[in-house]
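Taking our numbering, the leading residue of the sequence shown gets 2, the next gets one more, and so forth.
Comments concern the structure below.
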Amino acid sequence: MAMKGVVLYDFLHAKGGAERLTLDLVRGLEGTELCYGYRQPEVFPASELAGIACHDLEATTPVPGWRTLKVLRAFAGRRAAFLDGYDWAIYSGVLAPVAVRHRKGQRNLYYCHTPPRFVYDLRDYYRDKFSPLLRPALAVLAAYLKQQYEASVAAMDVVIANSENVRNRLRTHLGVESRVVHPPIDVERFRWRQPGDYFLSLARLEDFKRVELIVDAFLRMPSRQLVVVSGGSQFEMLRAKAASAPNIRFTSWLGDEALAELMGGARASIYIPRDEDFGMSPVESMAAGKPVIGVAEGGLLETIVPGETGWLLPAEPTVEQLMESVMSLSGDRAAAMRPACESRAQLFSKDRFLRKMKDLVAE
């Protein structure tokens, strides 16, 4: 009899790397079903989950803090008790792992994109973003999540980190050892096309992704074109900031084919987040033969080869440093890096990822 598995993920509300990886697991591992806390239909319409057996715990609410608690309780509660009927489970996210309590004596694997950063290394950063009146509530939520998360991770048979960067976080904050399996990139989907003259940014529009710095740089370079493809809390603010700049264009989330087309026609991509867990979009850029202007910290140190597949700005880049990199990158220079970019991306292929994950499930 074939083994029956399930992949669990917190919630489907943004089209980021963790969401893509989760769906790749479900589609790539035979006989696998998907369970999630809730789904935002305008971002993930049902058509994008066609052919997948889904279990929606429907733990939705528009209030972010309450939403976190509601999803956590849904995975821990009776609605998730059916999860004991699977031979193995892979947990993806920081809330879904609490469901391990339903699966004692069965095979459980945790794929860690990162420990929850508002609980650990970025606790002060997130606290300062809240008003003083709300900070006590945040502290209570963080303490509760920390206790639940650490107990859940300790119950796993295997812990997998998406990068050496995240492996070090797990070791530092939880004292947990893990194995590194880099996320999958659909290298067949991203292909080089006749290059245009625009630079591409795919980072979520949140302040820790530093897209505002990219916009500020292009506001001072009217001769260089920027296309920003993403969504997030800064979308309206950044679009308004660039409203009078004809060289900057914004669009929200795109479908897979439209995104691949846009990536394949760019001169290069720009991705400069703070201490990124891994960073899938730089590898997608390289798969399309496009170099990456990145930053020398986090997971980008594991993917970008300076001078061969892109450039790494200092860990705290300035607008001027980014401008210098953009202005110095001619179309010919970018095209000359195509072979190295495509070769590098093959190291992170979906096939390689799925082989490693199948081996871990079967151990």
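Even glycine gets a Cβ: it sits at the ideal position worked out from N, Cα and C.
What number of angstroms, rounded off, separates the C-alpha of M2 from the C-alpha of P307?
The sequence position of residue 2 within the sequence shown is 1, counting from 1. The sequence position of residue 307 within the sequence shown is 306, counting from 1. At M2 the pLDDT is 42, less than 50, meaning the model places this residue with poor confidence; the figure from the coordinates comes in the next sentence. Rounded to the nearest angstrom, the two C-alpha atoms are 49 Å apart.
If you draw a straight line from the C-alpha of L330 to the C-alpha of G197, how long is it?
Sequence index remark: in the sequence shown, residue 330 carries index 329 (1-based). Sequence index remark: in the sequence shown, residue 197 carries index 196 (1-based). Rounded to the nearest angstrom, the two C-alpha atoms are 13 Å apart.
Own chain partners of Y92 with C-beta closer than 6 Å, once the 5 adjacent residues on each side are dropped:
Counting from one through the sequence shown, the residue named residue 92 turns up at place 91. Contacts found: L9, P98 and Y111.
Is it the case that the region 351-358 contacts the region 181-188, given that we only count it when at least three CB pairs across the two stretches are under 8 Å?
Touching, yes, given that three or more Cβ pairs across the two stretches are closer than 8 Å.
Count the C-beta pairs between the region 273-284 and the region 152-169 that are closer than 8 Å, then say yes if the count reaches three, no if not.
By the Cβ criterion, the region 273-284 is in contact with the region 152-169, since at least three pairs of Cβ atoms, one from each stretch, lie closer than 8 Å.
Straight-line Cα distance separating D11 from H114
Against the sequence shown, residue 114 aligns to sequence position 113. Against the sequence shown, residue 11 aligns to sequence position 10. Near 12 Å, if we compare the C-alpha coordinates of D11 and H114.
Locate the beta strand (DSSP E) running through T33, then write down its first and last residues.
Counting from one through the sequence shown, the residue named residue 33 turns up at place 32. Residues T33 to Y37.
Can you tell me the Cα-Cα spacing of R334 and V362, whole angstroms?
Here residue 334 refers to the residue found at position 333 when the sequence shown is read from its first residue. Here residue 362 refers to the residue found at position 361 when the sequence shown is read from its first residue. Here the C-alpha atom of R334 lies approximately 43 Å from the C-alpha atom of V362.
Helix, strand or coil: which one does DSSP assign to M2?
For the purposes of this step, residue 2 is identified with residue 1 of the sequence shown, where counting begins at 1. Caution is warranted here: a pLDDT of 42 is assigned to M2, below 50, making its placement in the model unreliable, and the coordinate value is therefore given only provisionally. In the structure shown, M2 sits in coil (DSSP, three-state: anything other than H, G, I, E or B).
Can the beta-carbon of V212 be found closer than 8 Å to that of V230?
In the sequence shown, residue 212 corresponds to position 211, counting from 1. In the sequence shown, residue 230 corresponds to position 229, counting from 1. No; because the gap between Cβ atoms is not below 8 Å, this pair is not in contact.
Mark V36 as exposed unless 16 or more other C-beta atoms lie within 10 angstroms of its C-beta, in which case mark it buried.
Within the sequence shown, numbered from 1, the residue matching residue 36 stands at position 35. One point to set straight first is that residue 36 is Cys, not Val, in the sequence displayed. Taking all protein chains shown into account, C36 has 16 or more neighbouring C-beta atoms within 10 Å of its C-beta and is therefore buried.
The beta strand (DSSP E) spanning Q226 covers which residue range?
Walking along the sequence shown from the start, residue 226 turns up at place 225. Here the beta strand (DSSP E) through Q226 covers Q226 to V230.
Could you check how far apart the C-beta atoms of P76 and A100 are, in whole angstroms? I think they sit under 8 Å.
Position 75 of the sequence shown holds residue 76. Position 99 of the sequence shown holds residue 100. Before going on, a small fix: residue 76 reads as Phe here, not Pro. Taking C-beta atoms under 8 Å as the contact rule, F76 and A100 qualify, at a distance of about 4 Å.
Can you tell me which of G29, Q107, L26 and A51 puts its alpha carbon nearest to the alpha carbon of E364?
As a first step, residue 364 is located in the sequence shown; it is residue number 363 there, counting from the start. Residue Q107 holds the alpha-carbon nearest to the alpha-carbon of E364 among G29, Q107, L26 and A51.
Compute the Euclidean distance between the alpha carbons of P247 and C342, then round it to the nearest angstrom.
Looking up residue 247 in the sequence shown gives position 246. Looking up residue 342 in the sequence shown gives position 341. One C-alpha to the other measures close to 30 Å.
Along the chain, where does the beta strand (DSSP E) that runs through N163 open and close?
Position 162 of the sequence shown, counting from 1, holds the residue named residue 163. Unbroken run through N163: none, as it is neither H nor E.
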